[in-house]
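Worksheet for the structure shown next.
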Amino acid sequence: MRSPQSLRNGETPSPHPRIPTPHFRSTVSEQKLKRFNSLILIFRVAAFCFSLASAIFMLTNNRGSASPRWYDFDAFRYVLATNAMVAIYSIVEMAASVWEISRNATMLPEIVQVWFDFGHDQVFAYLLLSADSAGTALARTFKDGDKCTVNNAFCVQTDIAIALGFGGFLFLGFSSLLSGFRVACFIIKGSRFHL
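If you're matching positions, the sequence shown starts at 1 in the UniProt record's numbering and goes up one per residue.
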């Protein structure tokens, strides 16, 4: 049976309950916090822009009846769907970041928000990497064959869409690193920031 008072390592039981001290943050800490949140917002905006541009480039890649169409190939449909999902996810996360910067609080309870951000950043980053890798493999087979000599514009636009998707992955990866830092701070300190 556990005791009613949970002790941490090295603590001795005290007959008097501890009075919690109010959390103090200096203005320097507040500025660092705003800069950190702004950096996350910048990475999320960049991931949104790259993913949206990739989805638009893939969606508009129709060159006529003789040209291949992106929806005839599973890998290109996967690239479009994944980039569209990441763009939508980035909009939600941008709203959460703006909320956090403006109100100094998270939209969800802190523990839920920290794990939600980290988990979804990881899932969508790997999903985006997977989709763009599949698209790259198919585009490579087109270049090895004769499809790109006949329909060069289709292949160039496909390459641009895939490259933009990799850019979205890069910025989503950066935001994932920062949200991982927030998870580590939450585990160590009990707050999403080390300040």
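Glycine included, every Cβ here is placed at the ideal spot set by N, Cα and C.
Residue range of the alpha helix (DSSP H) that includes residue i
i	result
N152	N152 to K189
D132	E110 to D144
S67	Element bounds for S67: n/a, residue is neither H nor E.
A95	D74 to R103
Under 8 Å between C-beta atoms of residue i and residue j
i	j	result
N61	Q157	yes
V79	D132	yes
L178	I40	yes
F186	V92	no
G135	I162	yes
Sequence-distant residues of its chain with Cβ nearer than 8 Å to residue i (five each side left out)
i	result
V45	S90 and M94
residue 201	Any answer about residue 201 is impossible in this case: the structure gives the chain only from 1 up to 195.
A81	A131
S176	F118, D121, Q122 and A125
Residues near residue i by beta carbon distance below 6 Å, same chain, minus five either side
i	result
A96	M107
L129	F169
K143	none
C155	F142 and C148
W70	M58, N61 and F76
T21	Any reading at T21 must be qualified, since the residue scores a pLDDT of 48, below 50, and its modelled position is unreliable; the value itself is stated next. Answer for T21: no residue qualifies.
V183	V114 and F118
S191	none
G173	A125
Cβ shell of residue i (< 7 Å), same chain only, five flanking positions each side left out
i	result
A53	L164
E100	N37 and T106
F171	F43, A46, A47 and F50
P68	K147, N151 and F154
G180	F118
G167	F50
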